[in-house]
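Asker: First the structure, which I've put down as structure tokens, then a few questions once you've had a look.
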Amino acid sequence: MPGNEPAEEWVSRPPSPALRPFVAEYVGYRQAGRAPGIHRGLPSPYLTLIVTLDEPVTIAAHPDPAIAPGRYDTLIGGLHTAPALISHEGRQSGIQLALNPCGARALLGLPAGELASVDVDGTEILGSLANELHERIRTAAAWPRRLAVLDELLLRRLDHLGHHPDHHPARPLPPELLHAWRRLLSSGGTASVADVAQEVGWSDRYLARHFRTEIGLTPKVAARVIRFDRTRRILQRHATPADDSGPNLATLAAESGYYDQAHLAREFRSLAGCPPSRWLAEEFGNFQVAPDLDRTASRP
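My numbering numbers the first residue of the sequence shown as 4 and each following residue consecutively.
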């Protein structure tokens with residue numbers, strides 16, 4: 004019956020111009036009426052800040068298995084190479100921010116490398132601002148006002164750290180590092196790390212050391228995550244009732260920098276913790292999976 008259909012709200016937009024070097028996007032969401040289940044927080048090239056609305060976010064398993072499960076009103080997560088498993092009772096709501104790792108010092112007050120593979124309560128990084136974000140967003144009447152609150156409070160945070168006498172981590176990052184990161188992003192993770200190091204005039208080892216500190220991953224692993232993120236977004240775009248053709252996976256693998264379709268499938272299992280078909284079924288239950296989607300061995 005129509006009254007029993009799941010209800011969903013989605014809204015996305017970039018932050019105010021002054022925040023765009025640090026925050027790529029705001030995504031507001033509210034889902035209700037779904038069956039209880041697990042959502043996978045997949046590896047991506049961005050740190051994550053989640054501010055919840057109706058209920059806390061429940062992390063059943065963190066990318067780092069040593070971190071105990073928990074419930075969070077606000078959550079900050081670093082770059083990672085394993086999924087976070089988020090359990091829900093059929094409802095999820097909040098705003099998720101994609102944070103540029105090169106802007107972590109300026110906005111969070113620490114390099115992104117200190118958050119690699121971990122999720123922490125927002126108050127551990129933002130202090131009382133995390134509680135203020137949660138309360139003001141939770142009580143705002145509509146999405147435009149909620150996103151305006153984000154702009155207001157994050158701009159205040161940026162200004163505070165920029166003028167705080169004890170805050171030194173906001174120093175500009177080396178232009179060579181910024182170029183290398185942007186080069187990997189713009190190539191979809193297909194650029195050769197050796198070529199990127201040569202472009203900026205750094206050795207592979209020196210570049211890797213700076214990446215670990217400022218990004219949280221080595222250039223090689225960062226490229227791997229970028230490739231995966233691009234690929235799963237292409238798969239996601241086809242996961243609609245209106246598009247039952249699906250992508251040509253062999254072509255997608257080649258265009259995304261994988262050796263072949265089998266390589267793509269192996270990487271998906273490694274980074275998502277499940278094969279592509281299972282992820283699509285979990286996230287988009289009406290998706291018709293191609294029979295060879297999970298093929299991990301080349302045909303004879």
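Glycine included, every Cβ here is placed at the ideal spot set by N, Cα and C.
Computed from a prediction, not measured in an experiment: that's the story for all the values here.
If you follow the beta strand (DSSP E) that residue 50 is in, where does it begin and where does it stop?
Answerer: Within the sequence shown, numbered from 1, the residue matching residue 50 stands at position 47. Residue 50 -> beta strand (DSSP E) spans 50 to 55.
Asker: In chain order, what residues of the same chain lie with their CB nearer than 6 Å to the CB of residue 13, ignoring the 5 residues before and after it?
Answerer: Walking along the sequence shown from the start, residue 13 turns up at place 10. Non-local beta-carbon contacts of residue 13 in its own chain, meaning distances under 6 Å to residues more than five positions away in sequence, involve 32 in chain order.
Asker: For my contact list, residue 181 and residue 277 are in at a C-beta cut-off of 8 Å; report their separation, rounded to the angstrom.
Answerer: On the sequence shown, residue 181 is found 178 positions in, with the first residue counted as 1. On the sequence shown, residue 277 is found 274 positions in, with the first residue counted as 1. Their Cβ separation, rounded to whole angstroms, is 34 Å, which puts residue 181 and residue 277 out of contact at 8 Å.
Asker: Are there 16 or more other CB atoms within 10 angstroms of the CB of residue 201, so buried, or fewer, so exposed?
Answerer: Walking along the sequence shown from the start, residue 201 turns up at place 198. Looking at its Cβ environment, which holds fewer than 16 other Cβ atoms inside 10 Å, residue 201 is exposed.
Asker: What did DSSP end up calling residue 12 once you bin it into helix, strand or coil?
Answerer: Within the sequence shown, the letter at position 9 stands for residue 12. Correct three-state label for residue 12: strand.
Asker: Taking the alpha-carbon of residue 30 as reference, which of 41, 36, 39 and 56 has the nearest alpha-carbon?
Answerer: Within the sequence shown, numbered from 1, the residue matching residue 30 stands at position 27. Comparing Cα positions, the closest option is 56.
Asker: Would you mind listing the alpha helix (DSSP H) stretches within the segment 194 to 281 that are 4+ residues and don't spill past its ends, in chain order?
Answerer: Listed in chain order, the complete alpha helix (DSSP H) runs (minimum 4 residues) inside the segment 194 to 281 are 196 to 203, 207 to 217, 222 to 240, 252 to 258 and 264 to 275.
Asker: Count the other CB atoms, across all protein chains shown, that sit within 10 Å of the CB of residue 245; report buried if there are 16 or more and exposed otherwise.
Answerer: In the sequence shown, the residue the question calls residue 245 occupies position 242. Unreliable placement is indicated for residue 245, whose pLDDT of 48 sits below 50; no coordinate value is reported for it.
Asker: Under 9 Å between the Cβ atoms of residue 26 and residue 98?
Answerer: The sequence position of residue 26 within the sequence shown is 23, counting from 1. The sequence position of residue 98 within the sequence shown is 95, counting from 1. It is not a contact, given that the beta carbons lie outside the stated cut-off.
Asker: Report the three-state DSSP secondary structure of residue 19 (helix, strand or coil).
Answerer: Stepping through the sequence shown from its first residue, residue 19 is reached at position 16. Looking at residue 19 - three-state DSSP - the assignment turns out to be coil, as it is neither helix nor strand.
Asker: Residue 85: which of 272, 285 and 280 sits nearest, CA to CA?
Answerer: Here residue 85 refers to the residue found at position 82 when the sequence shown is read from its first residue. With distances taken between Cα atoms, residue 85 lies closest to 272.
Asker: Taking 8 Å as the threshold, find out whether the segment 76 to 95 comes into contact with the segment 111 to 127 through three or more Cβ pairs.
Answerer: Between the segment 76 to 95 and the segment 111 to 127, the count of Cβ pairs shorter than 8 Å is three or higher; the stretches touch.
Asker: How is residue 176 classed by DSSP in three states: helix, strand or coil?
Answerer: Position 173 of the sequence shown holds residue 176. If DSSP states are grouped into helix, strand and coil, residue 176 belongs with coil.
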